[in-house]
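Asker: Let me give you the structure first, and then I'll get to my questions.
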Amino acid sequence: MDFADGALSAFRAVFASGLVLSSLYVMIAAGLALVWSTLGIFNFAHGAIMVIGAYVAWTVSIDLGLGQVAGLVAALAASALIGVAVNRLLVQPFLAQPNIILITVMTTLSGAFFLENSALLIWGPRIKQLEKIVDGNVFLAGTAISGHEAVIIVVAPLMMLALWAFLRFSWTGKAIRAVAQNREFAELSGIRPERMYAIAFAISAALAGFAGVMLGAIRFITPTLGADPLIKAMIVVILGGLGSIPGTILGAYLVGFGEAVSTYFLGAYWTQAMMFFVFILILVIRPNGLMGRE
Amino acid sequence: MPEPILNVDDLVTGYGRQPVLHGLSLSVLEGEALGLIGPNGHGKTTLFRTVSGLNRAWSGQIRFMGEDITGLSAAQIAERGLVHVPQGNRLFPQMSVEDCLDLGAFSPAKRDNGAATRDRVFAIFPRLAERRKQRCRTLSGGERQMVAIGCGLMGQPKLLILDEPTLGLSPRLKGELRDAIGAIIETGVQVLIVEQDPEFLRRLTTRQVYIEEGRVREDFDAGSLEHDKMMEMYFGLR
Chain R
1 MDFADGALSA
11 FRAVFASGLV
21 LSSLYVMIAA
31 GLALVWSTLG
41 IFNFAHGAIM
51 VIGAYVAWTV
61 SIDLGLGQVA
71 GLVAALAASA
81 LIGVAVNRLL
91 VQPFLAQPNI
101 ILITVMTTLS
111 GAFFLENSAL
121 LIWGPRIKQL
131 EKIVDGNVFL
141 AGTAISGHEA
151 VIIVVAPLMM
161 LALWAFLRFS
171 WTGKAIRAVA
181 QNREFAELSG
191 IRPERMYAIA
201 FAISAALAGF
211 AGVMLGAIRF
221 ITPTLGADPL
231 IKAMIVVILG
241 GLGSIPGTIL
251 GAYLVGFGEA
261 VSTYFLGAYW
271 TQAMMFFVFI
281 LILVIRPNGL
291 MGRE
Chain U
1 MPEPILNVDD
11 LVTGYGRQPV
21 LHGLSLSVLE
31 GEALGLIGPN
41 GHGKTTLFRT
51 VSGLNRAWSG
61 QIRFMGEDIT
71 GLSAAQIAER
81 GLVHVPQGNR
91 LFPQMSVEDC
101 LDLGAFSPAK
111 RDNGAATRDR
121 VFAIFPRLAE
131 RRKQRCRTLS
141 GGERQMVAIG
151 CGLMGQPKLL
161 ILDEPTLGLS
171 PRLKGELRDA
181 IGAIIETGVQ
191 VLIVEQDPEF
201 LRRLTTRQVY
211 IEEGRVREDF
221 DAGSLEHDKM
231 MEMYFGLR
C-alpha cells in the first residue's frame with residue numbers, strides 16, 4: 001500500500017504544480033503568439049516587458065502603498081505602453097525588409113537587454129516580491145496550493161477565452177486577423193495596418209505584464225526574471241503550431257505538465273535538457289507544430 | 001464641363017528603380033464606365049495599385065471627386081469611396097465569407113449600412129449567401145472573385161475599380177460575372193475595369209482606353225474597338 005500512496009501523492013503534487021506552470025505559460029505564450037500571427041515576428045523583449053510589469057506593480061502597490069489594484073492597473077498600462085514603443089521603434093521601421101524575422105530577432109533582443117538593464121538601474125539589484133492576491137491555501141486534488149496560485153489557474157483559461165472572443169467577434173479583433181492573413185486586401189478594405197499592429201502589440205505586452213504581476217508574487221523579481229519563462233513560452237508557441245491559439249493552449253499545458261513531471265522524477269537539473277529533447281523530437285515528427293497548418 | 005470623378009495626371013511610378021508608368025494621364029467622367037485594355041506587363045495593374053494607394057506615385061497627381069488623393073494611404077482612399085478589387089485575390093483565407101464581406105465595410109461610417117449592403121451583395125451573388133459560413137480558402141476561383149467584388153461593394157464605392165475580374169474563369173462563369181457587374185453598374189456605381197477580353201469590355205463599358213508601355217495609346221468610344229485594332233494589339237499585325 002505504501003507504494004500506491006506514494007504514487008498517488010506524487011501524482012497530486014505533479015498535477016498541482018503542473019497546472020500552475022501551465023497557466024503561467026499560457027498567459028506569456030498567448031501574447032507571443034498574438035504578435036507572431038499578426039506580424040510574423042518573435043518579440044524577444046516579451047520577457048523583459050513582463051519583468052517591467054512586475055516592477056511597476058511593486059513600485060505602485062508596495063513602495064507607494066497604493067494597493068494591489070492600482071499596482072495591477074499601472075503594470076498593465078506600463079507594459080502596454082512599452083509594447084507599443086517596442087513595435088514603433090524596433091519592429092515597424094524594418095517591416096518592409098525581406099529578412100524581417102532575423103532583423104527583429106536582433107532589434108527586440110537588444111530591446112530586451114535595454115529594458116533589463118534599465119530595470120536594474122531604476123529598481124536596483126535587491127530582489128523584490130509582490131504580495132499574493134489572495135491569502136491562504138486552497139486544496140487541489142489533495143495538495144495544498146496557495147490561493148494566489150489558484151487564482152492563476154482559474155484566470156489563465158478565462159483570459160484565453162476573452163482573447164479568443166475578442167479576435168473572433170469584435171471589429172478590432174477581426175481587423176487584426178485580417179491584416180495577419182492578407183495585409184494588402186485589409187488595406188483596400190479600409191483597415192489601417194499600423195494601427196492594428198500597435199493594438200496587437202499593446203494587448204500582447206499587457207498580457208506579459210499581467211503574467212509578470214502574477215509571477216512576481218510567487219517568485220522573486222529580478223531584472224532577468226523573464227528570461228526563463230520567455231524560452232518556455234517560445235517552446236510553447238512553436239510546439240503549438242505558430243500563432244494558433246488552441247495550439248498555444250495545448251502547448252502550454254504540455255510544457256507545464258511535462259516540466260512538473262520531469263522536475264519531480266528527473267530533478268530540475270535534467271528538466272531543461274529533457275524539454276528540448278522532446279521539443280526537437282516533436283518538431284522532427286510534426287515540423288509545423290502540433291496544431292500548425294501547411 | 002464637370003470635373004471628372006477620377007483624374008490621373010502625368011503619373012510616373014514603378015518598382016524599385018524601374019519605372020512602369022511613364023507619365024500616364026486618364027480621366028473617368030461622371031456617369032461613364034471606363035474599360036482598360038492592353039498587353040500584360042504594361043502597367044494596368046500598377047496604375048490601379050497606385051490609384052488605390054498600395055503603391056506610391058513618384059510624380060504626377062491623382063484626384064478623386066475633386067480632392068487630391070496622391071499619397072494618401074490605401075485605407076484613407078477606400079474610406080472616400082474609391083474601392084479597388086485586386087486581381088486573383090486570395091482574400092482572408094481563414095475567415096468566413098460573411099466575416100470577409102463585413103470587413104469590407106470596416107470604416108465606422110460604413111458599418112451602419114453594412115447589413116443592408118450585405119443583403120444587396122447576396123442578391124447579386126446568391127451563391128455567396130449559400131456559402132456564407134464557409135472559409136474563403138475553400139472557395140473556388142469564381143466564388144472567390146465574387147467575394148472580392150462583394151467586399152468592394154461593401155465599401156459602398158462611388159467608383160469601383162476591378163482588375164481582371166474574370167481572370168482564369170470558365171466562359172460560363174465569365175458570363176455570370178459579366179451580368180453581375182452589369183447589374184452593379186445599373187445600380188449607379190461607376191466602374192473602371194481592366195480586362196483582356198475586348199468583347200467583355202464592349203458589353204459593359206461606355207469607353208475603352210488602350211494602355212501600352214505605361215502610357216495611354218488609344219481612346220475608343222463605345223463599341224468602336226475594332227477588329228483590326230485588336231489584331232494589332234495582340235498579334236502585332238498591321
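Sequence lines, in order, name chains R and U.
Residue 186 in my numbering sits at position 186 of the first sequence, and the numbers go up by one each step.
Residue 118 in my numbering sits at position 118 of the second sequence, and the numbers go up by one each step.
From the three backbone atoms N, C-alpha and C, an ideal C-beta is built for every residue, glycine too.
(1) Among residues of its own chain, excluding the 5 on either side of F94 (chain R), which ones have a beta-carbon nearer than 8 angstroms to its beta-carbon?
(2) In angstroms with no decimal places, state the Cα-to-Cα distance between L167 (chain U) and D179 (chain U).
(3) Please state the DSSP three-state secondary structure of A96 (chain R).
(4) Whose Cβ in chain R lies nearer than 8 angstroms to the Cβ of G81 (chain U)?
(5) For R177 (chain R) versus M154 (chain U), is the C-beta distance shorter than 8 angstroms?
(6) What are the partner residues of D68 (chain U), as DSSP defines its beta bridges?
(7) How about L19 (chain R) and I153 (chain R): do their beta carbons lie closer than 8 angstroms?
(8) Please give the ranges of any alpha helix (DSSP H) in the region 99-143 of chain U, keeping only runs that are unbroken, at least 4 residues long and fully inside the region.
(9) Residues in its own chain within less than 8 angstroms of G38 (chain U) by CB, not counting five upstream and five downstream?
(10) Less than 8 angstroms between the C-beta atoms of L239 (chain R) and I282 (chain R), yes or no?
(11) For the structure I just gave you, are there three or more beta carbon pairs, one from the region 139-147 of chain R and one from the region 69-88 of chain R, closer than 8 angstroms?
(12) Measure from the C-beta of M95 (chain U) to each C-beta in chain R and report whether the shortest distance is under 8 angstroms.
(13) Where do the N-terminal and C-terminal ends of the alpha helix (DSSP H) with D228 (chain R) fall, by residue?
(14) For a quick check, are the C-beta atoms of V56 (chain R) and A70 (chain R) less than 8 angstroms apart?
(15) Taking 8 angstroms as the threshold (beta carbon to beta carbon), is G190 (chain R) in contact with chain U?
(16) What first and last residue would you give for the alpha helix (DSSP H) that runs through E184 (chain R)?
(17) Would you kindly work out how many angstroms separate the C-alpha atoms of F166 (chain R) and D99 (chain U), rounded to a whole number?
(18) Under 8 angstroms between C-beta atoms, does E187 (chain R) make it to chain U?
(19) To the nearest angstrom, report how far apart G71 (chain U) and L11 (chain U) are at their CA atoms.
(20) Could you tell me the alpha carbon to alpha carbon distance between A115 (chain U) and A105 (chain U), rounded to whole angstroms?
(21) On the premise that L192 (chain U) lies in contact with I149 (chain U), defined as a C-beta separation below 8 angstroms, what is that separation, rounded to the nearest angstrom?
(22) On the criterion of 16 or more Cβ atoms from any shown chain inside 10 Å, does A10 (chain R) qualify as buried, or is it exposed?
(23) With a Cβ-Cβ cutoff of 8 angstroms, do L32 (chain R) and M214 (chain R) count as a contact?
(24) Relative to the C-alpha of A217 (chain R), which candidate in R:W58, R:M234, R:L8 has its C-alpha closest?
(25) How would you write the range of the beta strand (DSSP E) that T13 (chain U) sits in, first residue to last?
(26) So A175 (chain R) contacts chain U; which residues on that side make the cut at Cβ distance below 9 angstroms?
(27) Between the Cα of L29 (chain U) and those of U:F125, U:L54, U:T206, spot the shortest distance and give me the residue it belongs to.
(28) Taking the runs of the alpha helix (DSSP H) that are 4 residues or longer, which of them lie wholly in the region 96-157 of chain R?
(29) Distance cutoff 8 angstroms, beta carbons only. Does F48 (chain U) sit that close to anything in chain R?
Answerer: Quick look at the numbers:
(1) I100, I103, T104, T107
(2) 16 angstroms
(3) coil
(4) Per Cβ cutoff of 8 angstroms: no residues; G81 (chain U) is ~10 angstroms from chain R at best.
(5) no
(6) U:R63
(7) yes
(8) 108-111, 114-124, 126-130
(9) K44, Y210, I211, E212, R217, M233
(10) yes
(11) no
(12) yes
(13) 227-240
(14) no
(15) yes
(16) 183-188
(17) 14 angstroms
(18) yes
(19) 12 angstroms
(20) 9 angstroms
(21) About 13 angstroms; that fails the 8 angstroms criterion.
(22) exposed
(23) no
(24) R:W58
(25) 6-15
(26) L103, F106
(27) U:T206
(28) 100-123
(29) no
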